[in-house]
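The next block holds one structure in the form of structure tokens; read it before the comments.
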Amino acid sequence: MNTYVKVQQAETQEHFIVSLHFSEDQLRLVRNRGFKRPIIENLQKSKIKHLLINEMLGCPIVSFFYQDRRYTFYQFGPAVIEYLKENLAA
Numbered sequence: 001m002n003t004y005v006k007v008q009q010a011e012t013q014e015h016f017i018v019s020l021h022f023s024e025d026q027l028r029l030v031r032n033r034g035f036k037r038p039i040i041e042n043l044q045k046s047k048i049k050h051l052l053i054n055e056m057l058g059c060p061i062v063s064f065f066y067q068d069r070r071y072t073f074y075q076f077g078p079a080v081i082e083y084l085k086e087n088l089a090a
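Under this note's numbering, the first residue of the sequence shown carries the number 1, and numbering increases by one thereafter.
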């Protein structure tokens, strides 16, 4: 599934589109960069902290902390937030 994500770390924040996939113990984020190799992040589900499921300006969001970064996912396609909730809140 593809969605829009904001990643915050210290004084910086990045916004990009990622393809996300869950396996049994991790969340895999793939950020395509055209003809360059994609950037792949594998987040261990057991290290995800402070899961927040909320709404911002009427749009559902899922947010959490992983190591020193805050990830915020926005509803960008059908059922993306439900997919995240189903796999992270279990």
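C-beta atoms are modelled at their ideal positions from N, C-alpha and C, and glycine is treated no differently.
Exposed unless 16 or more other CB atoms sit within 10 angstroms - verdict on residue i
i: T12; result: exposed
Residue closest to residue i, alpha-carbon to alpha-carbon, out of the options
i: R33; options: V18, K6, S46 and M56; result: V18
i: L51; options: V80, A89 and Q9; result: A89
i: V94; options: L57, R70, Y66 and I53; result: Coverage of the chain is limited to positions 1 through 90, which leaves residue 94 absent and any answer about it impossible.
Beta-carbon proximity list for residue i, same chain, < 8 Å, skipping 5 on both sides
i: R28; result: L20, H21, F22, I40, E41, N42 and L43
Beta-carbon gap between residue i and residue j smaller than 8 Å
i: F35; j: I48; result: no
Distance between residue j and residue i (C-alpha atoms, nearest Å)
i: Q26; j: K45; result: 5 Å
i: L84; j: V62; result: 7 Å
i: K6; j: Q75; result: 12 Å
i: D68; j: E14; result: 14 Å
i: F16; j: R31; result: 8 Å
Own chain partners of residue i with C-beta closer than 7 Å, once the 5 adjacent residues on each side are dropped
i: C59; result: Y74 and Q75
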